[in-house]
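Here is the structure we will look at.
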Amino acid sequence: MTSGIISSFQRGFLELLSVAGRASLVMTHLEAISLIRSFSTIFLFSIPLTTQQIVRDSADGLRFANFARHEKQRLDTNQLQSSTANEYTECLERCLVHESCTSLNYGGNEGAECQLLEANKHDSPEKMKFDETFVHFSLKSPCDNKPCLNRENCIPDYQKDTYRCRCPWQYKVLENCQKGRILPSADGDWIAFWWYDVGTTWPSNEKDVLAYEFGYCEPRDPYCFSRLPADSKADLTEMLAVDSEGTAYKWNFSSNASATSAAWRAFHDHKEVNQGESVGILAWNPEVLNGSEPKDDQRAFMYREQNGVKSVLLDDDYCDCHSTLSLGHGMCLSNHNPVYSDVNSFGVDALYDPGCHGPRSGIGLTLYVRRKTPN
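At position 360 of the sequence shown (counting the first as 1) the number is 360 in this note's numbering, and the numbers step up by one without a gap.
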C-alpha cells in the first residue's frame, strides 16, 4: 500500500494516509468506526469484520476494535493516559494498543488532546458530559441497544461481546432486569432466590446448596442454589418457604434466636455453621401460612459439608428428624446417621416433617425473599 491522499471517494468516507511511515486506510461512516492494526499496518473500517468488538494480541498479531463516535461529548472520568495526537485515528490506535482502554476523548481547546479511558459510557453514564470541543469514542457493544429494562445500567463485556445488567435485587432473578419467579402478595411481592423443582434429578456437579450469588439463575432453571441478596439487611428481611406438599412457612431474620443469626451467616454471608453454634433457649420457629406447624421448636441450624455437598438443616437437635429446612444431604450432629435418612440421597425434605426423613427426590421447594418496609 502506498502513502498519499485519495479524494475521489465520498467526502468523509474514505481517505488514505501515511502515519509515521506506515500506510493506513481510514474509513468512517455515520457513527460506526472500526480500527484494525496488523503489525505495522492500521485499518479502520465502517463495517465490523467480526462479532467481537475488540481483539488484542491475537496469535497472528492482529488487533482490531469497533468504535462508536459521539460528537460534542466527553466522558469526565480518570484518565489512563493523556497526550496530543495530530489525528483522532492516532488516538484510536493508542487506545487499541493500551490493554485497559475501552473509550477515549479527543479534542479540547487545542483540538488535539487524546485522553485514554478505562471507564465507558455504560458503566459511568452519569459522567458523560456535553462539551463542544470534544468527540468521545467508545467501543461498540450490545449495551448500545439498551437491553436492560427499568432504566438500569448495562455493563458490557467487550472481549466476549456480551453484557450484564446492573439491576436492583428485586429484578435480578431474570436477565435484563425483568422480574423473575414472583409470588404476588398484598403486603409486597415475594422474589424467589432458591428453588428445587419437584421431579428434578440432583445435579451431580453441584457441591453446595448455597453456591451462587443472588441473581445467578434463570427462572427456567429446574434448580437454583443461590443466596439472599448481598444488599439485604437482617432486620428488614423476610424469607418464605413453599414446598410441593402445599406447606408454607415464613421466617423473620430479626429474631433474637441463635439459629436466626446462624441462618443469616449461611444464607447471606455464605459462612459455614457447624454443630453446636446455634443452639439456644429461643427457637426460630416460622409463622405457618399454610399446613401444619413444626413438630418441635426449631433452634438448631447447620450449614456444612456432608457426603461431598454443603447442606442445610434447621431442626430441633441437629439430627434430621422434625426438621423444617433440609437441603442437600441428610445430617446428624457432626456426621450422618443412616437410621434417620438414606446415605447419598440428595434433594430436599418437606417443610413439615413429623418423623425422620432426610432430603430425597420427589419433593420440591422454593425459598422467597421480601424486604420489609421500615416502620
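For glycine and all other residues, C-beta sits at the position ideal for the given N, C-alpha and C.
Mind the definition here: the segment 335-345 touches the segment 293-305 only if three or more C-beta pairs lie below 8 angstroms; say whether that holds.
-> For the pair of segments examined, the segment 335-345 was found not to touch the segment 293-305: the number of CB pairs separated by less than 8 angstroms stays below three.
Looking only at DSSP bridge pairs, what is I155 linked to?
-> Position 155 of the sequence shown holds residue 155. I155 has R164 as its beta-bridge partners, per DSSP.
Whose C-beta lies closer than 8 angstroms to the C-beta of F193 among residues of the same chain, with five residues either side of it excluded?
-> For the purposes of this step, residue 193 is taken as residue 193 along the sequence shown, with counting starting at 1. Apart from sequence neighbours up to five positions away, the residues of its chain that approach F193 with a beta-carbon distance below 8 angstroms are V173, F214, C224, S226, R227, L228, P229, L367, Y368, V369, ordered along the chain.
Once you ignore the five residues that flank T50 on each side, which residues in its own chain have a CB closer than 6 angstroms to its CB?
-> As a first step, residue 50 is located in the sequence shown; it is residue number 50 there, counting from the start. For T50, the predicted structure reports a pLDDT of 49, less than 50, and the residue's modelled location is therefore unreliable. A value from the coordinates is still provided. For T50, where only same-chain residues beyond five positions count, there are no Cβ hits under 6 angstroms.
Between S100 and the rest of its own chain, which residues show a CB-CB distance below 7 angstroms, the 5 nearest in sequence each way excluded?
-> Within the sequence shown, numbered from 1, the residue matching residue 100 stands at position 100. Excluding sequence neighbours, S100 sits near L80, E118.
Just confirm the distance between the C-beta atoms of D140 and N66, as a whole number of angstroms; I'd bet it's less than 8 angstroms.
-> Here residue 140 refers to the residue found at position 140 of the sequence shown. Here residue 66 refers to the residue found at position 66 of the sequence shown. Reading off the sequence shown, one finds Lys at residue 140, where the question assumed Asp. About 4 angstroms separates the CB atoms of K140 and N66; that is less than 8 angstroms, so the two are in contact.
In the DSSP assignment, find the unbroken beta strand (DSSP E) run with A266 in it and report its ends.
-> If you number the sequence shown from 1, residue 266 lands on position 266. In this chain, A266 is not harboured by any beta strand (DSSP E); it is covered by the alpha helix (DSSP H) spanning 258-267.
Enumerate in chain order the residues of its own chain whose CB-to-CB distance from V242 is below 6 angstroms, with the five nearest sequence positions on each side excluded.
-> Looking up residue 242 in the sequence shown gives position 242. A248, T366.
On the premise that H322 lies in contact with N307, defined as a C-beta separation below 8 angstroms, what is that separation, rounded to the nearest angstrom?
-> In the sequence shown, the residue the question calls residue 307 occupies position 307. In the sequence shown, the residue the question calls residue 322 occupies position 322. With a contact defined as Cβ atoms closer than 8 angstroms, N307 and H322 miss out at about 21 angstroms.
By a C-beta neighbour count over all protein chains shown, 10 Å radius and 16 as the cutoff for buried, is S103 buried or exposed?
-> Locating residue 103 in the sequence shown gives position 103, where the first residue counts as 1. S103 sits buried, since 16 or more C-beta atoms from the chains shown fall within 10 Å of its C-beta.
With DSSP collapsed to three states, give me the class of T89.
-> Translated into the one-based positions of the sequence shown, residue 89 becomes position 89. In the structure shown, T89 sits in a helix (DSSP, three-state: H, G or I).
Quick one: grab the DSSP three-state call for E126.
-> On the sequence shown, position 126 is the one that residue 126 refers to. If DSSP states are grouped into helix, strand and coil, E126 belongs with the helices.
Can at least three beta-carbon pairs, one atom from the segment 271-287 and one from the segment 193-205, be found at a separation below 8 angstroms?
-> Counting Cβ pairs under 8 angstroms, fewer than three are found: no touch.
Should L210 be labelled buried (16 or more other beta-carbon atoms within 10 Å of its own) or exposed?
-> Indexing the sequence shown from 1 puts residue 210 at position 210. Buried.
When DSSP builds the beta bridges, which residues end up paired with C319?
-> For the purposes of this step, residue 319 is identified with residue 319 of the sequence shown, where counting begins at 1. DSSP lists C332 as partners of C319.
Boundaries of the beta strand (DSSP E) in which R220 is found, first to last residue = Taking the first residue of the sequence shown as 1, we reach residue 220 at position 220. Looking at the DSSP string, R220 is not in any beta strand (DSSP E), and its letter there is neither H nor E.
Three-way DSSP call (helix, strand, coil) for D76 in this model | If you number the sequence shown from 1, residue 76 lands on position 76. Three-state result, D76: coil.
Alpha carbon of R371 to alpha carbon of V288, nearest angstrom = Taking the first residue of the sequence shown as 1, we reach residue 371 at position 371. Taking the first residue of the sequence shown as 1, we reach residue 288 at position 288. Whole-angstrom Cα-Cα distance: 19 angstroms.
Roughly how many whole angstroms lie between the Cα atoms of I363 and Q275?
-> Counting from one through the sequence shown, the residue named residue 363 turns up at place 363. Counting from one through the sequence shown, the residue named residue 275 turns up at place 275. Cα to Cα, the separation comes out at about 25 angstroms.
For L149, which of helix, strand or coil comes out of DSSP?
-> Position 149 of the sequence shown holds residue 149. Coil at L149, not helix or strand.
Less than 8 angstroms between the CB atoms is what I'm expecting for S254 and A234, so what's the real figure, rounded?
-> In the sequence shown, counting from the first residue as 1, residue 254 sits at position 254. In the sequence shown, counting from the first residue as 1, residue 234 sits at position 234. That pair is a contact at about 7 angstroms.
Bridge partners of Q306, per DSSP?
-> For the purposes of this step, residue 306 is taken as residue 306 along the sequence shown, with counting starting at 1. DSSP output for Q306 lists V309 as bridge partner(s).
Please name the residue, chosen from Y88, F130, S292, Y196, that lies closest to T324 on a Cα-to-Cα basis.
-> As a working mapping, residue 324 is identified with position 324 in the sequence shown. If we check each option's Cα against that of T324, S292 comes out closest.
Euclidean distance between Cα positions of S378 and P354 | This structure cannot settle anything about residue 378, because the visible part of the chain is limited to 1 through 375.
Report all residues from its chain with a CB closer than 6 angstroms to the CB of C356; omit the five preceding and five following residues, and keep chain order.
-> Position 356 of the sequence shown, counting from 1, holds the residue named residue 356. Excluding five sequence positions before and after C356, the CB atoms of its chain that fall closer than 6 angstroms to its own CB belong to D320, C321, Y340, given in chain order.
Distance, Q73 Cα to E110 Cα | Along the sequence shown, one-based indexing puts residue 110 at 110. Along the sequence shown, one-based indexing puts residue 73 at 73. Straight-line Cα distance between these residues: approximately 16 angstroms.
Taking buried to mean at least 16 other C-beta atoms within 10 Å of its own C-beta, is V309 buried or exposed?
-> Numbered from 1 along the sequence shown, position 309 holds the residue referred to as residue 309. V309 should be labelled buried.
Residues bridged to L117 [DSSP beta-bridge criterion] | The sequence position of residue 117 within the sequence shown is 117, counting from 1. According to DSSP, L117 shares a beta bridge with Q79, S103.
Taking only the alpha-carbon atoms, compute the straight-line gap between S361 and Y196 and give it to the nearest angstrom.
-> Your numbering for residue 361 matches position 361 in the sequence shown. Your numbering for residue 196 matches position 196 in the sequence shown. S361 and Y196: Cα-Cα distance of roughly 10 angstroms.
Please classify E93: is it buried, with 16 or more other beta-carbons within 10 angstroms of its beta-carbon, or exposed?
-> In the sequence shown, the residue the question calls residue 93 occupies position 93. E93 comes out buried.
Report back the beta-carbon spacing between S326 and V348 to the nearest angstrom; my notes put them in contact at under 8 angstroms.
-> Translated into positions along the sequence shown, residue 326 becomes position 326. Translated into positions along the sequence shown, residue 348 becomes position 348. At roughly 7 angstroms, the Cβ-Cβ gap stays under 8 angstroms, so S326 and V348 are in contact.
Quick one: Cα of G267 to Cα of V198, how far?
-> By 1-based counting over the sequence shown, the position of residue 267 is 267. By 1-based counting over the sequence shown, the position of residue 198 is 198. The sequence shown places Phe at residue 267, rather than the Gly named in the question. Rounded to the nearest whole angstrom, the C-alpha separation of F267 and V198 is 22 angstroms.
Considering only residues of the same chain and omitting the five flanking positions on each side of E272, which have a CB-CB separation below 7 angstroms?
-> Position 272 of the sequence shown holds residue 272. Taken in chain order, the residues that qualify are Y303, R304.
Which same chain residues, not among the five before or five after C91, have their C-beta less than 6 angstroms away from its C-beta?
-> The residue given as residue 91 occupies position 91 in the sequence shown. So the qualifying residues of the chain are A85, L104, Y106, C114.
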